[in-house]
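Respectively, the protein sequence lines represent chains A and B.
In terms of the working numbering, the first sequence is residues 10 to 281.
In terms of the working numbering, the second sequence is residues 833 to 931.
All residues carry an ideal CB built from backbone N, CA and C; glycine is no exception.
Below is one structure, written out as structure tokens; comments come after it.
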Amino acid sequence: MDLARYFSLRQKTTGHESTHSAHEQKGYLPFLANPINEDVLEVVTGSSFDIEKTNTHTKTFDSSNDTRTLAGNGRTSRGNIVIYKQHTEASTIELFYDLFFVANLAYFTAMHQHTDAECMYTVNLLSAKTDTLLALINYLKLFTLVWFTWLSVTLFDVRFSIDCVWNRFHKAIQFGIFTGFVYAGPVFDKYSTTGVEQSYRRFAIVLVIGRVAIAIQYLVVMWQGRMFRQTLVPIGLSAAVHAAAAVGYGFTMVALPRGRVGLEEQLAWYVL
Amino acid sequence: MMTFTFSQRLTQLHRVIISILEGLLIFLIAMIWRIISFKYTHLVERLQLLTLIIIGEGIIGMVKSVACITKGQTSNNMSEIGTAIAAVLLLVRLSRPRL
Numbered sequence: 010m011d012l013a014r015y016f017s018l019r020q021k022t023t024g025h026e027s028t029h030s031a032h033e034q035k036g037y038l039p040f041l042a043n044p045i046n047e048d049v050l051e052v053v054t055g056s057s058f059d060i061e062k063t064n065t066h067t068k069t070f071d072s073s074n075d076t077r078t079l080a081g082n083g084r085t086s087r088g089n090i091v092i093y094k095q096h097t098e099a100s101t102i103e104l105f106y107d108l109f110f111v112a113n114l115a116y117f118t119a120m121h122q123h124t125d126a127e128c129m130y131t132v133n134l135l136s137a138k139t140d141t142l143l144a145l146i147n148y149l150k151l152f153t154l155v156w157f158t159w160l161s162v163t164l165f166d167v168r169f170s171i172d173c174v175w176n177r178f179h180k181a182i183q184f185g186i187f188t189g190f191v192y193a194g195p196v197f198d199k200y201s202t203t204g205v206e207q208s209y210r211r212f213a214i215v216l217v218i219g220r221v222a223i224a225i226q227y228l229v230v231m232w233q234g235r236m237f238r239q240t241l242v243p244i245g246l247s248a249a250v251h252a253a254a255a256v257g258y259g260f261t262m263v264a265l266p267r268g269r270v271g272l273e274e275q276l277a278w279y280v281l
Numbered sequence: 833m834m835t836f837t838f839s840q841r842l843t844q845l846h847r848v849i850i851s852i853l854e855g856l857l858i859f860l861i862a863m864i865w866r867i868i869s870f871k872y873t874h875l876v877e878r879l880q881l882l883t884l885i886i887i888g889e890g891i892i893g894m895v896k897s898v899a900c901i902t903k904g905q906t907s908n909n910m911s912e913i914g915t916a917i918a919a920v921l922l923l924v925r926l927s928r929p930r931l
């Protein structure tokens, strides 16, 4: 870590001589960057791969710098090891992802304004009110789906995301997922009755692909941090949760092929 | 076309339930195994930025509504102007809670 700082200093001081090394530093993006802190790798060399052991071992002589939140050597002030690299601020691609989210939201908001305007022209006041309520509930459902999709991607990103080709590829997948949310439009728009079934199915496919991609990302991180046995279970469980969600969405596609299903099937879904 | 059956109202509710459960489970896992917790991450910053962007989206909607109101009439009455000012103040208040 300190060496990198010296390199950058040397580039500033010696002008044209360092062009070669600058080219070397720029290079290509690594295909698969490791989210593991290198300092931790230095700490856990040798046979002591168990983090609990090293934690208790190092806790005694690391207590001098309690004031700093993040001390050196990849540890916090209390001597706990921070395994994964820390980010201090959001990267550009994450903000771009937020923009995709908001674009989706804007699209559906515009669609539902249209719906609400149509609701006002119905003669019966009671049916108009129920229609508005249903439109609101539909909007809430859709917002929940979009936001939880965003959330699961973000929860991965803030912990494990490192700028590399693999993660950018997955970001591209997630952009595609949010673009694929347009299939949800006819399903949630109660006025367009044509093509509901088809778009319902395609929307399920979109959801499945998104969750499978996140699960694969978790699995890759799990494989990269396989020397820390404590991380294997939680990351594996996270991947399993996303995989199970993917299976669930796929099941909604296969088992409930129409947008409208019977009551007993709905009850089965409540139980699940 | 306007009539709704019960099952039609519940369209896609199971997907919503799945997604909510999924998000909660991920949080729960991070809470139980503290080693992958969100303590030193920029999750709060991400949420703040998303809130800001969504409020920007709200401003777009508000301006559209104001344009829709003022389009058809020549003179504005005071209550409409007051409503617009209140909407702006609400958005400012939302975007900067410490103001």
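Alpha carbon of residue i to alpha carbon of residue j, nearest angstrom
i                 : j                 : result
Ile861 of chain B : Cys900 of chain B : 48 Å
Thr101 of chain A : Ser911 of chain B : 42 Å
Gly257 of chain A : Ile887 of chain B : 33 Å
Trp865 of chain B : Leu164 of chain A : 15 Å
Phe117 of chain A : Ala181 of chain A : 22 Å
Val242 of chain A : Leu875 of chain B : 22 Å
Ser208 of chain A : Arg168 of chain A : 34 Å
Ile858 of chain B : Gly904 of chain B : 50 Å
Arg158 of chain A : Ser247 of chain A : Per the sequence shown, the amino acid found at residue 158 of chain A is Thr instead of Arg. Computed Cα separation, rounded: 14 Å.
Ala918 of chain B : Ala249 of chain A : 47 Å
Chain-ordered neighbours of residue i on chain B, where CB pairs are closer than 8 Å
i                 : result
Val250 of chain A : Glu854, Leu857, Ile858 and Ile861
Tyr258 of chain A : Arg847 and Ile850
Leu114 of chain A : Ile886 and Glu889
DSSP three-state assignment for residue i, whether helix, strand or coil
i                 : result
Tyr93 of chain A  : strand
Phe237 of chain A : coil
Asn909 of chain B : coil
Ile171 of chain A : coil
Val263 of chain A : helix
Phe184 of chain A : helix
His874 of chain B : coil
Gly890 of chain B : helix
Trp865 of chain B : coil
Leu272 of chain A : Confidence at Leu272 of chain A is low in this model, with a pLDDT of 47, below 50, so its placement is unreliable and the value that follows should be read with caution. Of the three classes helix, strand and coil, the one that applies to Leu272 of chain A here is helix, per DSSP.
Ala213 of chain A : helix
Ser100 of chain A : coil
7 Å Cβ cutoff, residue i in contact with chain B
i                 : result
Asp172 of chain A : no
His145 of chain A : Note that residue 145 of chain A corresponds to Leu in the displayed sequence, not to His. So no, Leu145 of chain A is outside the interface.
Thr153 of chain A : yes
Thr188 of chain A : no
Ser208 of chain A : no
Leu164 of chain A : yes
Phe109 of chain A : no
Phe184 of chain A : no
Phe157 of chain A : yes
Ala254 of chain A : yes
Arg84 of chain A  : Low confidence applies to Arg84 of chain A: its pLDDT is 47, below 50, so where it sits in the model is not reliable, and the reading given next is rough at best. No - not a single Cβ of chain B is within 7 Å of the one on Arg84 of chain A.
Any chain A beta carbon closer than 7 Å to residue i
i                 : result
Leu882 of chain B : yes
Ile885 of chain B : yes
Arg782 of chain B : This structure cannot speak to residue 782 of chain B, because chain B is shown only from 833 to 931.
Glu912 of chain B : no
Leu931 of chain B : The predicted position of Leu931 of chain B is uncertain, since its pLDDT is 49 and thus under 50; a value taken from the coordinates is nonetheless stated next. False, the Cβ-Cβ gap to chain A never drops below 7 Å.
Under 9 Å from the C-beta of residue i: neighbouring residues of chain B
i                 : result
Thr141 of chain A : Ordered by position in chain B, no residue passes the 9 Å Cβ test against Thr141 of chain A, which lies about 12 Å from the chain.
Chain A contact residues for residue i, given Cβ-Cβ distances below 7 Å
i                 : result
Gly893 of chain B : Thr118
Under 7 Å from the C-beta of residue i: neighbouring residues of chain B
i                 : result
Thr240 of chain A : Ile867 and Ile868
Phe178 of chain A : The premise fails here: Phe178 of chain A is roughly 21 Å from chain B at the closest Cβ pair, so nothing lies under 7 Å.
Ile244 of chain A : Ile868
Thr160 of chain A : According to the sequence displayed, residue 160 of chain A carries Leu and not Thr. Simply Gly855.
Ala99 of chain A  : His874, Glu877, Arg878 and Leu881
Any non-hydrogen atom of the ligand NAD within 6 Å of residue i CB
i                 : result
Ile171 of chain A : The model depicted lacks the ligand NAD and carries no ligand whatsoever.
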